[in-house]
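See structure below.
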Amino acid sequence: MTSESVQPVSSPSRRTVVAAVGAAGLAVALTACGSDDDASGSSTEQGAPAGGGASTEAGGGSSPEAGGGGAALAKTADIPEGGGKVFSDEKVVVSQPTAGDYKAFSTICTHQQCPMTDLQGDTITCACHKSQFSVLDGSVKKGPATQPLAAKEISVAGDSITLA
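Numbering (this note's numbering), first residue to last: 223 to 386.
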């Protein structure tokens, strides 16, 4: 006759339980700060502060290849002087600081890489932590972001603005 030793089943230690709860809480917090990609294909246009309200258009004159090089974004007449227009699918904002001068910047916040679509006048605001940037030159208007928006290459041929 053999006698087997029965080992009691040990439960997790307090340290293991606390570490697991902390990791779960961290995962929830990071998920809440993550991006909320909106694939609706919408674009937002905003003129200078005295120039009226925003309009939203599906497609915004962009080609089916969203974000690809050479994608036609808009006509020059679609970009208000002293303001800009957000192209969510391409993650870019195109602005016209002065008549005939067009610039483009990334709509990804330099603070924690949240996508931005809230354009009021010449200012785009991050929904995550409320950083504000000028769409005319990409500079930070209000933190917590400290770095300007990344410039994007565009080309203007006739009345067409194309993402390079």
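Glycine included, each C-beta is placed from N, C-alpha and C at the ideal position.
All values derive from a computational prediction rather than experimental measurement.
Euclidean distance between Cα positions of V362 and A372: 11 Å
Buried or exposed: which applies to V308, given that a residue is buried once 16 or more other Cβ atoms fall within 10 Å of its Cβ? buried
Would you kindly work out how many angstroms separate the C-alpha atoms of P370 and A299, rounded to a whole number? 26 Å
By the DSSP assignment, the beta strand (DSSP E) with A294 in it spans what residues? A294 to K297
Excluding the 5 residues flanking S353 on each side, which residues of the same chain have their C-beta closer than 8 Å to its C-beta? C331, T332, H333, T347, V362, K364, G365, P366 and A367
Quick one: Cα of S310 to Cα of T329, how far? 8 Å
A379 lies in the beta strand (DSSP E); which residues open and close that run? I376 to A379
Does DSSP put G306 in a helix, in a strand, or in coil? strand
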